[in-house]
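All remarks here apply to the structure that follows.
In structure tokens form, the structure reads like this:
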């Protein structure tokens with residue numbers, strides 16, 4: 105019961121702190137506007153070529169047209185296309201790290217589409233599949249406008265496909281993520297890391313107040329207070345995220361469709377991690393100012409390596425950041441990633457929560473702090 | 002006995018902040034912890050209430066060990082910290098309600114406790130204002146209100162009147178007396194001798210983390226050895242009278258100013274002998290004023306420095 109009391113009043117306290125609310129909402133709303141509209145295309149044009157495997161077994165019209173489309177000058181500076189003779193060879197190339205993704209046109213694609221049977225262009229890969237999806241969908245859109253086979257037989261659509269190779273898939277109803285959609289998610293995650301400041305507040309004492317003495321004199325265990333305050337801070341961050349999503353969705357028309365429970369669950373886990381990062385920093389660093397600076401540094405690093413600056417050049421090291429896995433879950437439910445990939449990222453987030461809070465609890469037990 | 006402290010030691014690194022303190026506090030007392038800044042009063046208080054970890058010693062409150070039963074004990078004590086400990090994001094009533102709830106109060110008991118605490122500290126009319134709109138004195142009173150909402154049996158107040166105007170200070174001191182009359186035992190720390198002298202039934206003098214003297218004001222005054230001072234006004238002061246007093250055994254000094262004679266004499270002597278000597282010399286006494294040794298004098302005698310050093 106006292107945990108809930110502490111949680112409620114922590115939530116209320118944060119809600120009434122206008123300064124933090126402005127930072128958590130205004131900063132990402134402005135940033136996503138700039139990145140999504142003004143800067144996105146600049147970065148997209150200024151990156152290294154993506155190695156993409158290409159397997160075209162279709163001898164019909166769709167295969168021929170897609171061939172021309174993919175080797176178009178427009179994509180020449182973005183893609184390094186490597187031809188493979190079979191889907192298996194392409195998958196091996198993915199596993200070997202030779203290519204980021206593979207486009208596969210089955211041999212009966214044109215034939216089946218002409219008959220009116222649904223067929224698939226299959227995309228698979230470990231990264232940069234979003235760009236490939238964007239390109240492929242662009243092809244389909246322009247191809248659909250022809251008064252020919254496609255209008256008679258229906259639209260080719262993507263299909264789900266699961267096996268041991270990690271693949272990122274695409275549902276037929278989802279739209280292509282544009283830069284606004286992309287940065288809308290990444291900027292939110294990057295900003296939520298700043299919520300770690302609440303974690304710092306929980307474990308550091310104020311220089312000009314004896315609140316830590318009053319709190320310690322109460323008949324409440326410090327674990328109850330810490331847990332309660334974590335809950336209150338997390339819920340506040342989640343509320344800020346929800347407000348931000350509303351603004352991004354209805355003002356900027358960013359794509360936030362998908363399973364609402366998965367979106368909320370991913371954001372909730374992320375907020376818990378953000379507060380936990382703040383707690384860990386606050387326990388390890390004696391000065392509030394230094395803790396805040398470290399938090400800002402972490403915000404920039406995590407954001408950059410998980411792709412919040414440019415969507416293409418995200419480093420492999422991003423996989424250990426909560427931003428990366430929250431991104432997978434959010435993109436996954438919005439754009440139809442496989443359950444396996446999403447489950448892995450969910451487990452990563454759960455693992456990060458366990459590590460951060462476990463380590464924090466260990467430090468708290470080993471070291472007696474006079475202020476908590 | 003409500004509080005018993007045995008051989009309490011607290012260190013900060015190599016510095017001994019509380020040095021083997023022993024103390025007992027009986028129910029119903031207002032006990033003053035008197036000492037200069039840096040004497041260890043706050044550290045002692047924080048050690049007692051478990052805010053800071055001690056190196057060794059026993060602390061028993063209400064017959065229970067603070068190390069083992071701290072949560073149960075904390076239900077029955079209230080602590081007023083030295084600095085303001087309030088949430089500016091909440092109104093006064095929200096502040097008191099929050100702490101009341103953490104003290105375990107619910108429903109009607111909570112509402113009544115909050116109202117009582119705010120009325121007691123004369124803040125009920127301003128209950129919906131945030132502490133940042135309060136004066137310093139009002140913030141101090143709200144600081145107290147948050148600590149007494151649950152009617153604690155033991156209240157520990159760490160210099161609650163620092164930096165406030167005399168009117169607010171007097172109000173706070175009167176409130177403390179009322180709290181004691183209502184049944185609370187009070188531990189009151191201060192470096193203001195006047196407050197402790199006016200308020201406390203018993204005084205513990207602390208310096209450099211050690212208890213250097215303990216007792217009632219009268220008992221402590223005995224530490225100030227040797228001298229007493231009497232100011233005697235006479236209707237007919239004369240050389241004969243003055244010489245009669247000066248020649249008494251134990252009189253160290255006898256000075257005249259107008260019709261007033263100031264006599265400094267040994268404690269071994271007493272005022273009755275001086276009065277007799279004056280009367281025998283034909284003097285007519287109109288007024289006698291005995292200057293009692295105060296706690297500042299006691300502190301100075303025991304430590305060689307003043308409370309404000």
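Protein chains in written order, with my numbering: chain A, 105 to 476; chain B, 2 to 310. For glycine and all other residues, C-beta sits at the position ideal for the given N, C-alpha and C.
Boundaries (first-last residue) of the beta strand (DSSP E) holding residue i
| i | result |
| --- | --- |
| residue 155(A) | 154 to 160 |
| residue 77(B) | Note, residue 77(B): premise wrong, no beta strand (DSSP E); not H, not E. |
| residue 208(A) | 205 to 209 |
| residue 33(B) | 31 to 35 |
| residue 288(B) | 286 to 292 |
| residue 227(A) | 226 to 229 |
| residue 262(B) | 261 to 267 |
Chain A within 9 Å of residue i, Cβ atoms only
| i | result |
| --- | --- |
| residue 180(B) | no |
| residue 40(B) | no |
| residue 12(B) | no |
| residue 138(B) | no |
| residue 91(B) | yes |
| residue 148(B) | yes |
| residue 82(B) | yes |
Chain B within 9 Å of residue i, Cβ atoms only
| i | result |
| --- | --- |
| residue 470(A) | no |
| residue 262(A) | Residue placement at residue 262(A) is flagged as unreliable, the pLDDT there being 35, under the threshold of 50; a coordinate-derived value is accordingly withheld. |
| residue 113(A) | yes |
| residue 225(A) | no |
| residue 373(A) | no |
| residue 316(A) | yes |
| residue 353(A) | no |
| residue 322(A) | yes |
| residue 337(A) | no |
| residue 109(A) | yes |
| residue 416(A) | Note on residue 416(A): pLDDT 47, under 50, position unreliable in the model; no value is reported. |
| residue 333(A) | no |
Extent of the continuous alpha helix (DSSP H) to which residue i belongs
| i | result |
| --- | --- |
| residue 152(B) | No alpha helix (DSSP H) contains residue 152(B), which DSSP labels as neither H nor E. |
| residue 20(B) | Where residue 20(B) is concerned, there is no enclosing alpha helix (DSSP H), although the beta strand (DSSP E) it sits in stretches over 16 to 26. |
| residue 423(A) | Residue 423(A) -> no alpha helix (DSSP H), and no H or E assigned at all. |
| residue 166(B) | Neither: residue 166(B) is in no alpha helix (DSSP H) and is coded neither H nor E. |
Coil, strand or helix - residue i by DSSP
| i | result |
| --- | --- |
| residue 231(B) | strand |
| residue 120(A) | coil |
| residue 128(B) | coil |
| residue 105(B) | coil |
| residue 83(B) | coil |
| residue 383(A) | helix |
| residue 110(B) | helix |
| residue 313(A) | coil |
| residue 201(B) | coil |
| residue 201(A) | coil |
| residue 137(A) | helix |
| residue 148(A) | With a pLDDT of 45 at residue 148(A), under the threshold of 50, the modelled position of that residue is not reliable, and the figure given next carries that caveat. Note: residue 148(A) maps to helix in three-state DSSP. |
| residue 324(B) | Residue 324(B) lies beyond the range of chain B shown here (2 to 310); nothing can be said about it. |
Beta-carbon proximity check, residue i vs residue j, cutoff 9 Å
| i | j | result |
| --- | --- | --- |
| residue 451(A) | residue 371(A) | no |
| residue 102(B) | residue 122(B) | no |
| residue 34(B) | residue 193(B) | no |
| residue 292(A) | residue 335(A) | no |
| residue 1(B) | residue 299(B) | Residue 1(B) is absent from the model: chain B starts at 2 and stops at 310. |
| residue 211(A) | residue 169(A) | no |
| residue 18(B) | residue 44(B) | yes |
| residue 128(A) | residue 342(A) | no |
| residue 184(B) | residue 64(B) | no |
| residue 237(B) | residue 284(B) | yes |
| residue 211(B) | residue 70(B) | no |
| residue 304(A) | residue 385(A) | yes |
| residue 306(A) | residue 337(A) | yes |
| residue 187(B) | residue 46(B) | no |
| residue 161(B) | residue 173(B) | yes |
Any non-hydrogen atom of the ligand ADP within 8 Å of residue i CB
| i | result |
| --- | --- |
| residue 172(A) | The ligand ADP is not part of this structure, which contains no ligands at all. |
Selection from the options that minimises the alpha carbon distance to residue i
| i | options | result |
| --- | --- | --- |
| residue 288(B) | 276(B), 41(B), 299(B) and 91(B) | 276(B) |
| residue 457(A) | 171(A), 425(A), 471(A) and 446(A) | 425(A) |
| residue 286(B) | 261(B), 200(B), 179(B) and 146(B) | 261(B) |
| residue 49(B) | 321(A), 167(A) and 202(A) | 321(A) |
| residue 231(B) | 115(B), 256(B) and 114(B) | 256(B) |
| residue 278(B) | 12(B), 7(B), 245(B) and 240(B) | 245(B) |
| residue 409(A) | 188(A), 399(A), 174(A) and 427(A) | 427(A) |
| residue 439(A) | 358(A), 471(A), 352(A) and 461(A) | 358(A) |
| residue 153(B) | 248(B), 132(B) and 62(B) | 62(B) |
| residue 82(B) | 379(A), 396(A), 317(A) and 395(A) | 317(A) |
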